[in-house]
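Beneath this line is the structure, given in structure tokens, with notes to follow.
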Amino acid sequence: MFAGDDLVQLVSTTGERVENSDWSPWVADIDIDAIRRLYEDLVVVRRIDAEATALQRQGELGLWAPLLGQEAAQVGSARALGSEDFVFASYREHGVAYCRDVDPTHMLRFWRGSTHSGWNPLQYNMTTPAIIVGAQALHATGYAMGMQFDGVDGAAITYFGDGATSQGDISEAFNFAASFSAPVVFFCQNNQWAISEPVSLQTSVSIAARGRGFGIPSVRVDGNDVLAVMAVTRAAIARAREGSGPTLIEAYTYRMGPHTTSDDPTKYRPAALDEEWKAKDPLDRIRRLLDASAALDDDYLAQVQRQADRTAAALREGCLGTVEPTALSMFDHVYAEEHPLIDEERRQFVTYRDSLEGTTR
4 MFAGDDLVQL VSTTGERVEN SDWSPWVADI DIDAIRRLYE DLVVVRRIDA
54 EATALQRQGE LGLWAPLLGQ EAAQVGSARA LGSEDFVFAS YREHGVAYCR
104 DVDPTHMLRF WRGSTHSGWN PLQYNMTTPA IIVGAQALHA TGYAMGMQFD
154 GVDGAAITYF GDGATSQGDI SEAFNFAASF SAPVVFFCQN NQWAISEPVS
204 LQTSVSIAAR GRGFGIPSVR VDGNDVLAVM AVTRAAIARA REGSGPTLIE
254 AYTYRMGPHT TSDDPTKYRP AALDEEWKAK DPLDRIRRLL DASAALDDDY
304 LAQVQRQADR TAAALREGCL GTVEPTALSM FDHVYAEEHP LIDEERRQFV
354 TYRDSLEGTT R
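Under our numbering, residues 4 to 364 are what the sequence shown spells out, in order.
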């Protein structure tokens with residue numbers, strides 16, 4: 004199954020389920036009720052993203068990395084994981100965090116500058132945003148090797164974008180994982196733009212093909228198809244848990260908005276391309292499937308919208324109600340236990356701060 008560059012698709016852009024002898028069995032249990040729950044996830048995640056973007060535009064967040072268009076890649080993969088699996092995220096996996104039950108308000112702490120992280124990774128088995136591009140793949144590989152040595156049931160999964168595959172960290176992680184058969188899944192959200200440069204400038208072959216070059220079984224999946232993403236992720240996680248080693252998933256999707264809120268995609272991306280991908284919107288696809296199955300009605304849609312609006316309201320309230328950190332808090336939690344070096348640095352900082360009192364700054 005993990006060979007070739009054919010795009011795995013289980014739901015067409017017109018909302019019809021597509022049978023695939025290799026992949027359909029992995030989501031045979033996903034009935035219409037389960038698809039409705041996935042649709043709810045997609046709607047709520049998009050609403051979280053829209054509210055956070057608005058908060059940034061209003062000056063309440065320093066920065067935000069939108070996920071518009073990538074909801075299916077994140078929800079489909081996250082809902083394929085078990086509680087024992089550990090997620091190593093980049094900086095755009097807000098949908099994954101939501102599916103791991105992270106309080107949406109905590110997602111904003113990092114972007115508001117009110118914390119160094121945002122949540123306790125051990126509480127949700129998911130790391131906080133990683134800004135160093137590609138570094139999380141090495142962390143995931145090392146953690147997976149540790150799970151292997153300890154005989155722990157479960158797997159690690161790490162998310163990164165197509166641009167990260169140009170970083171040496173990704174190649175090193177691939178090499179270690181393949182050499183030691185680490186139980187890790189590499190999940191590349193190929194949204195086709197590494198900030199302002201297209202993926203065609205980064206590689207002359209598919210990203211999946213590059214994984215195979217390291218001896219890692221790889222698959223390309225329609226990243227806007229939540230069922231297909233779930234199927235390939237379930238299969239990859241199963242391979243990892245049974246001791247068959249790493250897998251690379253290339254989720255072929257599209258970033259419909261900016262790279263971050265400091266970016267202007269209209270300067271480098273043709274509007275016609277945006278319009279082409281709007282027709283492949285992951286939410287519209289599942290909505291068409293539900294509509295064709297007579298599983299949509301006004302009451303249900305209103306219920307989903309209320310859920311999304313409640314989440315957005317709580318997100319905004321939590322963001323605006325955040326207690327801003329004091330300057331001295333930068334010395335907290337540097338080490339797990341008290342450390343004399345940190346104690347001395349804290350003392351020096353207090354002395355310096357006190358020396359400024361009464362002066363013009």
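Ideal placement from N, C-alpha and C gives every residue a C-beta, glycine not left out.
What you are looking at is a predicted structure, and each value in this text was computed from that prediction instead of being measured.
| Check | Outcome |
| --- | --- |
| Among residues of its own chain, excluding the 5 on either side of Ala83, which ones have a beta-carbon nearer than 7 Å to its beta-carbon? | Met233, Thr236, Arg237 and Ile240 |
| Just the Cα atoms here: how many angstroms apart are Val155 and Val326? | 38 Å |
| Candidates Tyr42, Asp357 and Pro328: which alpha carbon is nearest Ser120's? | Pro328 |
| Determine the burial state of Thr17: buried for a count of at least 16 other Cβ atoms within 10 Å of its Cβ, exposed for fewer. | exposed |
| To the nearest angstrom, how far is it from the Cα of His109 to the Cα of Met129? | 13 Å |
| Look at Phe189 and Pro249 and say whether their C-beta atoms are less than 8 Å apart. | yes |
| Measuring CA to CA, which of Leu359, Ala330, Leu293 and Trp196 is closest to Arg40? | Leu293 |
| Could you check whether Phe163 and Ala140 sit closer than 8 Å to each other, using their CB atoms as the reference points? | yes |
| If we count the other Cβ atoms within 10 Å of its Cβ and call it buried at 16 or more, is Arg364 buried or exposed? | Unreliable placement is indicated for Arg364, whose pLDDT of 48 sits below 50; the coordinate value is still reported in the next sentence. Under this definition Arg364 is an exposed residue. |
| Looking only at C-alpha atoms, which of Ser15, Asp88 and Asp266 sits nearest to Trp67? | Asp266 |
| How would you call Phe152, buried or exposed, if buried means at least 16 neighbouring beta carbons within 10 angstroms? | exposed |
| Return the first residue and the last residue of the alpha helix (DSSP H) that Gln59 is part of. | Ile35 to Arg60 |
| Let's test the definition: count the other Cβ atoms within 10 Å of the Cβ of Ala6 and tell me whether it reaches 16, buried, or not, exposed. | exposed |
| Could you give the distance in angstroms between the alpha-carbon of Met4 and the alpha-carbon of Ser247? | 14 Å |
| Excluding five sequence neighbours on each side, which residues of the same chain lie with their C-beta closer than 6 Å to the C-beta of Arg95? | Ala68 and Leu70 |
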